[in-house]
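Here the structure comes first, spelled out in structure tokens, and everything after it is commentary.
4 protein chains.
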Amino acid sequence: MATGETPTRGYTATKDQLQTRLARIEGQVRGIDRMVADDRYCIDILTQISAVQAALDKVALGLLDGHVRHCVAEGTQEGKGEEMSTELMAAVGRLMRRG
Amino acid sequence: MATGETPTRGYTATKDQLQTRLARIEGQVRGIDRMVADDRYCIDILTQISAVQAALDKVALGLLDGHVRHCVAEGTQEGKGEEMSTELMAAVGRLMRRG
Amino acid sequence: MATGETPTRGYTATKDQLQTRLARIEGQVRGIDRMVADDRYCIDILTQISAVQAALDKVALGLLDGHVRHCVAEGTQEGKGEEMSTELMAAVGRLMRRG
Amino acid sequence: MATGETPTRGYTATKDQLQTRLARIEGQVRGIDRMVADDRYCIDILTQISAVQAALDKVALGLLDGHVRHCVAEGTQEGKGEEMSTELMAAVGRLMRRG
Numbered sequence: 001m002a003t004g005e006t007p008t009r010g011y012t013a014t015k016d017q018l019q020t021r022l023a024r025i026e027g028q029v030r031g032i033d034r035m036v037a038d039d040r041y042c043i044d045i046l047t048q049i050s051a052v053q054a055a056l057d058k059v060a061l062g063l064l065d066g067h068v069r070h071c072v073a074e075g076t077q078e079g080k081g082e083e084m085s086t087e088l089m090a091a092v093g094r095l096m097r098r099g
Numbered sequence: 001m002a003t004g005e006t007p008t009r010g011y012t013a014t015k016d017q018l019q020t021r022l023a024r025i026e027g028q029v030r031g032i033d034r035m036v037a038d039d040r041y042c043i044d045i046l047t048q049i050s051a052v053q054a055a056l057d058k059v060a061l062g063l064l065d066g067h068v069r070h071c072v073a074e075g076t077q078e079g080k081g082e083e084m085s086t087e088l089m090a091a092v093g094r095l096m097r098r099g
Numbered sequence: 001m002a003t004g005e006t007p008t009r010g011y012t013a014t015k016d017q018l019q020t021r022l023a024r025i026e027g028q029v030r031g032i033d034r035m036v037a038d039d040r041y042c043i044d045i046l047t048q049i050s051a052v053q054a055a056l057d058k059v060a061l062g063l064l065d066g067h068v069r070h071c072v073a074e075g076t077q078e079g080k081g082e083e084m085s086t087e088l089m090a091a092v093g094r095l096m097r098r099g
Numbered sequence: 001m002a003t004g005e006t007p008t009r010g011y012t013a014t015k016d017q018l019q020t021r022l023a024r025i026e027g028q029v030r031g032i033d034r035m036v037a038d039d040r041y042c043i044d045i046l047t048q049i050s051a052v053q054a055a056l057d058k059v060a061l062g063l064l065d066g067h068v069r070h071c072v073a074e075g076t077q078e079g080k081g082e083e084m085s086t087e088l089m090a091a092v093g094r095l096m097r098r099g
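Which chain is which? The protein sequence lines are U, C, X and F, in order.
No gaps in the numbering here: position 5 of the first sequence is 5 in full-length UniProt numbering, and each next residue is one more.
No gaps in the numbering here: position 91 of the second sequence is 91 in full-length UniProt numbering, and each next residue is one more.
No gaps in the numbering here: position 32 of the third sequence is 32 in full-length UniProt numbering, and each next residue is one more.
No gaps in the numbering here: position 7 of the fourth sequence is 7 in full-length UniProt numbering, and each next residue is one more.
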């Protein structure tokens with residue numbers, strides 16, 4: 001049966017804001033593509049890439065924050081603290097080293 | 001009338017490949033937005049963000065590489081080496097600290 | 001007289017290993033200083049700096065891991081979850097942007 | 001006979017300053033070790049690690065800057081531009097991804 005039980009996530013309360021940010025980042029990447037199409041100066045393109053990286057870092061930190069506050073807190077009470085910590089640390093490690 | 005004098009950039013020779021990569025990154029960001037819309041698990045979204053950041057780092061390194069090989073080499077011969085080094089280092093600094 | 005009540009930290013169980021790592025990192029930095037004293041090639045010095053950064057990242061991730069497993073878990077049960085999450089995210093943000 | 005022909009490096013002109021910085025970083029790492037020995041709070045230790053990483057990034061950027069200005073400029077005139085660019089980009093890549 002089709003009831004869409006929406007799971008609650010760490011970002012549920014700020015989902016709209018998150019999607020606005022992602023749409024803006026998508027636009028920034030499209031802008032970079034246009035700069036390349038227009039043969040713009042390398043350094044100016046690199047500056048825009050840094051701006052996108054900073055914006056993605058912000059989104060990632062927001063997601064991590066919600067995840068820790070909601071999911072990890074909940075998981076700890078359900079005895080899944082260890083598992084969730086491992087998972088969280090792997091995600092932080094990927095963000096620190098970028099991929 | 002508008003003569004389209006296309007400036008040669010460090011990435012001119014690999015412009016198509018660069019645009020393909022950027023289009024793929026744009027698609028990845030759109031995919032992240034969709035994951036949020038679908039209330040997907042925080043950690044899975046973070047993994048995708050790391051992937052986008054790694055892809056952007058690759059694009060940035062490619063641009064830097066072309067810039068150093070072409071523009072900086074040329075600039076050095078034209079006596080603009082100092083100026084271009086300063087500009088280059090500022091760009092590298094922004095990439096290292098992300099914005 | 002003042003009994004030194006040792007507080008338990010997230011890293012208490014792995015304190016020896018942590019100190020061994022830090023001593024090694026200290027030695028690596030000293031090695032870099034010696035490379036400079038010996039007028040070694042810039043790129044070789046940079047490679048060593050990257051190695052130290054990677055080693056510091058590992059130490060940081062280990063500390064974060066212990067902190068989340070012990071302190072945050074404990075804090076959550078004592079109702080200090082919010083405060084600790086804020087503090088944790090600030091630390092992760094500093095690590096991601098390096099300072 | 002003992003003449004130490006000292007090679008000129010990109011950092012030769014600022015060698016003293018560089019060594020002062022490295023000595024300070026070494027001291028900072030030693031301070032972190034002491035914090036661990038004293039069972040200090042995880043988050044405070046992490047803050048110091050971020051500070052060391054920021055200081056190392058600064059040293060790295062200074063080295064890169066000198067390398068580009070001196071070695072790469074010189075290399076370009078000697079026809080070793082390609083080789084040096086490849087080497088430089090590898091170093092930047094390691095710094096961006098940290099090791």
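Where is the CB? At the ideal position from N, CA and C, for every residue including glycine.
For this session: Step through the CB atoms of chain X and report whether any lies within less than 8 Å of the CB of F/R69.
Result: The beta carbon of F/R69 does not come within 8 Å of any beta carbon belonging to chain X, so the residue lies off that interface.
Exercise. Helix, strand or coil: how does DSSP classify F/R69 here?
Worked result: helix
Problem set entry | chain X contact for C/R24 (CB, 8 Å cutoff) | Using a Cβ-Cβ cut-off of 8 Å, C/R24 does not count as an interface residue toward chain X, since no Cβ of chain X sits closer than that to its own.
For this session: Compare the C-beta of F/R94 with all C-beta atoms of chain U and state if any pair is closer than 8 Å.
Result: no
Exercise. Does DSSP put X/G81 in a helix, in a strand, or in coil?
Worked result: Here X/G81 sits in helix by DSSP.
Problem set entry | Members of the stretch 74 to 91 of chain X near chain U, C-beta cut-off 9 Å | T76, Q77, G81, E82, M84, S85, T86, L88 and M89
Exercise. Using a beta-carbon distance below 8 Å, is F/Q19 in contact with chain X?
Worked result: yes
For this session: Would you check if the distance between the CB atom of U/V29 and the CB atom of C/E78 is smaller than 8 Å?
Result: no
For this session: Can you tell me which of U/V36, U/E5, U/R40 and U/K58 puts its alpha carbon nearest to the alpha carbon of U/R24?
Result: U/K58
For this session: Would you tell me roughly how many angstroms separate the C-alpha atoms of C/D65 and F/V68, rounded to the nearest one?
Result: Those two C-alpha atoms are separated by around 13 Å.
Exercise. Less than 8 Å separating the beta-carbons of F/V92 and C/V92?
Worked result: In this structure, C/V92 lies closer than 8 Å to F/V92 by Cβ.
Problem set entry | Where X/G10 falls: helix, strand or coil (DSSP) | DSSP places X/G10 in the coil class of the three-state scheme, outside both helix and strand.
Exercise. Within 10 angstroms of its Cβ, does U/T8 collect 16 or more other Cβ (buried), or is it exposed?
Worked result: exposed
Problem set entry | Inter-residue spacing [alpha-carbon to alpha-carbon] between X/I43 and F/E83 | If you take the alpha carbons of X/I43 and F/E83, they lie about 13 Å apart.
Exercise. When the cut-off is 8 Å and only beta carbons count, does U/R34 lie next to chain F?
Worked result: no
Exercise. Taking just the CA atoms, how far does U/Q17 sit from X/M1?
Worked result: Note on X/M1: pLDDT 47, under 50, position unreliable in the model; the coordinate value appears next. Rounded to whole angstroms, X/M1 to U/Q17 spans 56 Å at the Cα level.
Problem set entry | For F/D38, three-class secondary structure by DSSP | coil
Exercise. Secondary structure at F/G62, three-state DSSP: helix, strand or coil?
Worked result: helix
Problem set entry | Beta carbon proximity, U/R40 to chain F, threshold 8 Å | No, U/R40 does not count as interfacial toward chain F.
For this session: Could you check the C-alpha separation between C/T14 and F/E87 for me, to the nearest Å?
Result: 20 Å
Exercise. Under 7 Å from any heavy atom of the ligand SAM, does the C-beta of F/S50 make it?
Worked result: Summarising the ligand content, the structure contains no ligands, and the ligand SAM is consequently not present.
For this session: Kindly indicate if chain U contains any beta-carbon less than 8 Å away from that of X/L63.
Result: no
For this session: Tell whether a beta-carbon distance below 8 Å holds between C/S50 and U/G99.
Result: yes
For this session: Pull up the CB-CB distance for C/M96 and F/M96, whole angstroms please, since I reckon it's below 8 Å.
Result: 6 Å between Cβ atoms; contact.
Exercise. Which chain C residues sit within Cβ distance under 7 Å of U/Q53?
Worked result: Q53, L56, R98 and G99
Exercise. Where does F/R98 fall in DSSP's three states?
Worked result: coil
Exercise. Should X/A55 and U/G81 be called a contact, given that it needs their Cβ atoms to be closer than 8 Å?
Worked result: Result no, Cβ atoms of X/A55 and U/G81 do not sit closer than 8 Å.
Exercise. Among residues of its own chain, excluding the 5 on either side of residue 164 of chain U, which ones have a beta-carbon nearer than 6 Å to its beta-carbon?
Worked result: Past the edges of chain U, shown from 1 to 99, lies residue 164 of chain U, and the structure says nothing about it.
Exercise. What does F/T6 reach in chain X if we use C-beta pairs closer than 9 Å?
Worked result: D39
Exercise. Do C/Q48 and U/Q53 have their C-beta atoms closer together than 8 Å?
Worked result: The Cβ atoms of C/Q48 and U/Q53 lie no closer than 8 Å to each other.
Exercise. When the Cα atoms are used, what is the spatial distance from F/D33 to F/L46?
Worked result: Taking the straight line from one Cα to the other gives about 12 Å.
Exercise. With 8 Å set as the bound, which would you pick, yes or no: does the beta-carbon of U/A60 sit closer than that to a beta-carbon of chain C?
Worked result: yes
For this session: Below 8 Å CB to CB, which residues in the same chain sit around U/G31 once its five sequence neighbours on both sides are set aside?
Result: Q48
Exercise. Is DSSP giving X/E26 helix, strand or coil here?
Worked result: helix
For this session: State the CB to CB distance for the pair U/D39 and C/T20, rounded to an integer number of angstroms; the pair is presumed to be in contact (CB under 8 Å).
Result: Between C/T20 and U/D39 the Cβ distance is about 16 Å, and since that is not below 8 Å, they are no contact.
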